[in-house]
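Under the numbering used here, the sequence shown has 17 at position 11, and the numbering climbs by one with no breaks. Each residue gets a CB set at the ideal place from its N, CA and C atoms; glycine is no exception. One structure below.
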Amino acid sequence: MIYTVIGDSLIEHINCKYVNCHPSMTLEHWVENYCPLIDNDENEIFVFCFGLNDLSSGIHSDDVIKNYKILENKYTNCIFILPPFQTSYFYNDFDSAINTHNIKTFATDYIGVDGIHPTNDTLDKIKENIECIANDF
């Protein structure tokens, strides 16, 4: 199955065939401005990696989770890469609200090159996680 990785600068250097990177973009901005423009293709998986910019700019975690829920409701096949540096409360609230596949590698095994952006090894782990989940669709 074909998958497209869409997100902020955390996925900018991920080694995947289809990557749609928007450095500094918030999930809120994506949902409001780009989400309506992308059709739900039942033969494609959308992998979203947003949220860190929202949370670091003061957008409440409940609002971030609501925006993930909008994506979950719009796209038949989606995977979420959860942002790093969040509390266990955020991840627990996410798990309670969202019923799609998610990847917590950024949360558990995060190694950054500059304190924010992931190393190539971390991105390779993310890619492996994506491909394992994509094979389940």
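Short CB-CB distance (under 8 Å) between residue i and chain B
| i | result |
| --- | --- |
| residue 89 | This model lacks chain B altogether; it includes just one protein chain. |
Residue environment, residue i, which counts as buried when at least 16 other CB atoms sit within 10 Å
| i | result |
| --- | --- |
| residue 43 | exposed |
| residue 60 | buried |
| residue 29 | exposed |
| residue 138 | exposed |
| residue 131 | buried |
| residue 69 | exposed |
Beta-carbon separation (whole angstroms), residue i vs residue j, contact threshold 8 Å
| i | j | result |
| --- | --- | --- |
| residue 55 | residue 119 | That belief does not hold up - the Cβ atoms of residue 55 and residue 119 are roughly 16 Å apart, past 8 Å. |
Span of the alpha helix (DSSP H) around residue i
| i | result |
| --- | --- |
| residue 27 | Here residue 27 belongs to no alpha helix (DSSP H); instead the beta strand (DSSP E) covers 25-27. |
| residue 22 | Here residue 22 belongs to no alpha helix (DSSP H), and DSSP marks it neither H nor E. |
| residue 93 | Careful: residue 93 lies outside any alpha helix (DSSP H) and carries neither H nor E. |
| residue 138 | 126-140 |
| residue 78 | 67-80 |
| residue 46 | Counting along the chain, residue 46 falls outside any alpha helix (DSSP H), and DSSP gives it neither H nor E. |
| residue 62 | 58-62 |
DSSP bridge partner residues for residue i (one or two, in chain order)
| i | result |
| --- | --- |
| residue 85 | 53 and 107 |
| residue 121 | Residue 121 pairs with nothing; no bridge assigned. |
The beta strand (DSSP E) enclosing residue i, as first and last residue numbers
| i | result |
| --- | --- |
| residue 10 | 8-13 |
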